[in-house]
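These notes are about the structure you will find just below.
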Amino acid sequence: MRRIQVVATGGTIASRAGAEGRRATVLAKELLASVGPLPADAEVSVRDVLTRGSYAFDTADLLALAREVRGALREGADAVVMTHGTDTMEETAFLFDLAFGDPRPIVLTGAQRPFDDRAADGPANLGDALAVAAADAARGHGPLLVFDGFAFPARGVRKSDTMSAHAFTVPGRGPALRVTDRLVTPLWRPSPSPRFPLDLDLPRLPRVDVVPVYPGADGLFIRSSLAAGAAGVVVEAVGAGNAGPELVEAVAEAVAAGHPVLICSRVHSGPVAPLYAGGGAELQRVGAVFAGDLSPWQARLLLAVASAVPGRSPEALVRAWLAGDDPLSGSGA
Ligand code: ASP
Numbered sequence: 001m002r003r004i005q006v007v008a009t010g011g012t013i014a015s016r017a018g019a020e021g022r023r024a025t026v027l028a029k030e031l032l033a034s035v036g037p038l039p040a041d042a043e044v045s046v047r048d049v050l051t052r053g054s055y056a057f058d059t060a061d062l063l064a065l066a067r068e069v070r071g072a073l074r075e076g077a078d079a080v081v082m083t084h085g086t087d088t089m090e091e092t093a094f095l096f097d098l099a100f101g102d103p104r105p106i107v108l109t110g111a112q113r114p115f116d117d118r119a120a121d122g123p124a125n126l127g128d129a130l131a132v133a134a135a136d137a138a139r140g141h142g143p144l145l146v147f148d149g150f151a152f153p154a155r156g157v158r159k160s161d162t163m164s165a166h167a168f169t170v171p172g173r174g175p176a177l178r179v180t181d182r183l184v185t186p187l188w189r190p191s192p193s194p195r196f197p198l199d200l201d202l203p204r205l206p207r208v209d210v211v212p213v214y215p216g217a218d219g220l221f222i223r224s225s226l227a228a229g230a231a232g233v234v235v236e237a238v239g240a241g242n243a244g245p246e247l248v249e250a251v252a253e254a255v256a257a258g259h260p261v262l263i264c265s266r267v268h269s270g271p272v273a274p275l276y277a278g279g280g281a282e283l284q285r286v287g288a289v290f291a292g293d294l295s296p297w298q299a300r301l302l303l304a305v306a307s308a309v310p311g312r313s314p315e316a317l318v319r320a321w322l323a324g325d326d327p328l329s330g331s332g333a
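For the sequence shown, the residue numbers in full-length UniProt numbering are 1 to 333.
Pasting the structure below:
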């Protein structure tokens, strides 16, 4: 008998229409009752942690959700399924990827259409998430995001459509498992991300801001962010990781003052690289870190988590993690 812990946090899957707009009100028990037959040989228990839209979460909430997962695993659950808003599900999934090295499935799911919609997609997604949680094929994948018949690895997953039921993609890689009629078929096995030494009992993560690049973007947002106390900044660069001269100058100042700067792209797919004179090549020369194909939103969490490790260089920890090394065993000094 597999013990699956369902943790509900709100989102569209739990929302009903109201005079002021959609609002999450449906609790875990009712969500589970909407699913139909549960996986054979599974004992499913439910818990409500938050009942909110994920657009309203801050890093204190994300850490609280991670503590729920830790608690369920410590209590002996064989798998955890979390229902969650789609807007920031890629961030929560990635934080779990950084924090947990456990082979037991941690599965996030949600919906694009609300609970009271005639064509609600939540019940099918939750049913699929439970099937994945109960499947041997899902063990050792790291956290998975189950949506519209597929299970996506946490690292690299992005919400890529605002409305469609097929809301998520992993650009350049694709889903790890397919779910058809609750039958789970492996597609490919992502190599596990190195775990991060993260203290889940922190009240919140250090501030890290994402700064966009566009024609005419200057250093204002980087300087303001650091003045507001940011530990570091993620630049959502153009193309393969470029920015104009004024913004590059602010990056150089930030790095010289000891604040790590990560470079990602506003382009949906593909890695960044220091290719262009005065652009990416200059960003590398002044000490910015190129963050592979991580989205700015996942890179922001990586840098925030690294900045929360006491007595270690966040930049060294990030570089080790991006290289696929265990940040715990590297020098990271
Ligand atoms: N659109 C979102 C959802 O699908 C709202 C949220 O992120 O909570 O749940």
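Quick reminder that beta carbons are idealized off the backbone N, C-alpha and C, glycines included.
Every alpha helix (DSSP H) stretch that sits fully inside the region 48 to 110 and reaches 4 residues is listed by chain position as 59 to 74, 89 to 99.
With a threshold of 16 other beta carbon atoms within 10 Å, LEU262 meets it and is buried.
Annotation for ASP87 indicates a beta carbon within 7 Å of some heavy atom of the ligand ASP. At a Cβ-Cβ threshold of 8 Å, ARG158 and PRO143 do not count as neighbours. Rounded to whole angstroms, the Cβ separation of PRO327 and LEU317 is 4 Å, and the two are in contact under 8 Å. Here THR9 is buried. Its C-beta has 16 or more other C-beta atoms within 10 Å. In the pairwise beta carbon analysis, the region 31 to 49 is classified as touching the region 119 to 127: at least three pairs are separated by under 8 Å. Rounded to whole angstroms, the separation of the alpha carbons of PRO245 and GLY278 is 7 Å. The Cβ atoms of SER193 and ASP102 do not sit closer than 8 Å to each other. Bounds of any beta strand (DSSP E) do not take in ASP128; it lies within the alpha helix (DSSP H) bounded by 122 to 133. If one requires a minimum length of 4 residues, the alpha helix (DSSP H) runs lying completely within the UniProt domain "Asparaginase/glutaminase C-terminal" (207 to 314) are 220 to 227, 245 to 256, 280 to 285, 296 to 307, in chain order. In this structure, SER54 has its beta carbon less than 7 Å from a heavy atom of the ligand ASP. If you ignore the 5 residues before and after THR169, its C-beta comes within less than 8 Å of the C-beta of PHE152, VAL157, ARG158, SER160, all in its own chain and listed in chain order. Sequence-distant partners of VAL107 (beyond 5 residues in either direction) whose C-beta falls short of 6 Å from its own C-beta, in its chain, are VAL81, ALA129, VAL132, ALA133, LEU144, VAL146. Cβ-Cβ distances below 8 Å link LEU205 to THR59, LEU62, LEU63, LEU301, ALA304, VAL305, SER307, ALA308 in the same chain, with the five nearest sequence neighbours on each side left out; the list follows chain order. By DSSP's assignment, ALA151 forms a beta bridge with VAL146, LEU177. A straight line joining the alpha-carbon of VAL233 with that of PRO114 spans about 35 Å.
The criterion of a C-beta distance shorter than 8 Å is satisfied by THR86 and THR12.
Residue environment for ALA299: buried (at least 16 other C-beta atoms within 10 angstroms of its C-beta). Secondary structure note for LEU32: its alpha helix (DSSP H) is the uninterrupted segment 28 to 33. Under DSSP, SER15 takes part in a beta bridge, and its partners are ALA24.
With a cutoff of 7 Å, ALA316 does not count as near the ligand ASP, since its C-beta is closer than that to no heavy atom of the ligand.
In this structure the region 195 to 205 does not touch the region 178 to 187; the number of beta carbon pairs closer than 8 Å is below three. Distances from the alpha-carbon of PRO190 to those of ALA137, VAL210, TYR214 put ALA137 closest. Pairing ALA254 with GLY280 gives a Cβ-Cβ distance that is not under 8 Å. ARG2 sits in a strand when the DSSP states are folded into three classes. Nearest to GLY270 by C-alpha distance, out of GLY21, GLU249, GLY174, is GLY174. Shown here for VAL26: same chain residues with a beta carbon closer than 6 Å to its own, the five before and five after excluded, namely ALA14, PHE115 in chain order. Excluding sequence positions up to five before and after ARG266, its CB lies within less than 8 Å of the CB of PRO212, VAL213, GLU236, ALA237, VAL238, PRO296, all in the same chain and listed in chain order.
VAL251 is the residue among VAL251, TRP188, LEU95, ARG2 whose C-alpha sits nearest the C-alpha of GLY219. A straight line joining the alpha-carbon of GLN284 with that of THR109 spans about 37 Å. Between the ligand ASP and the CB of ALA111, the shortest heavy atom gap is smaller than 7 Å.
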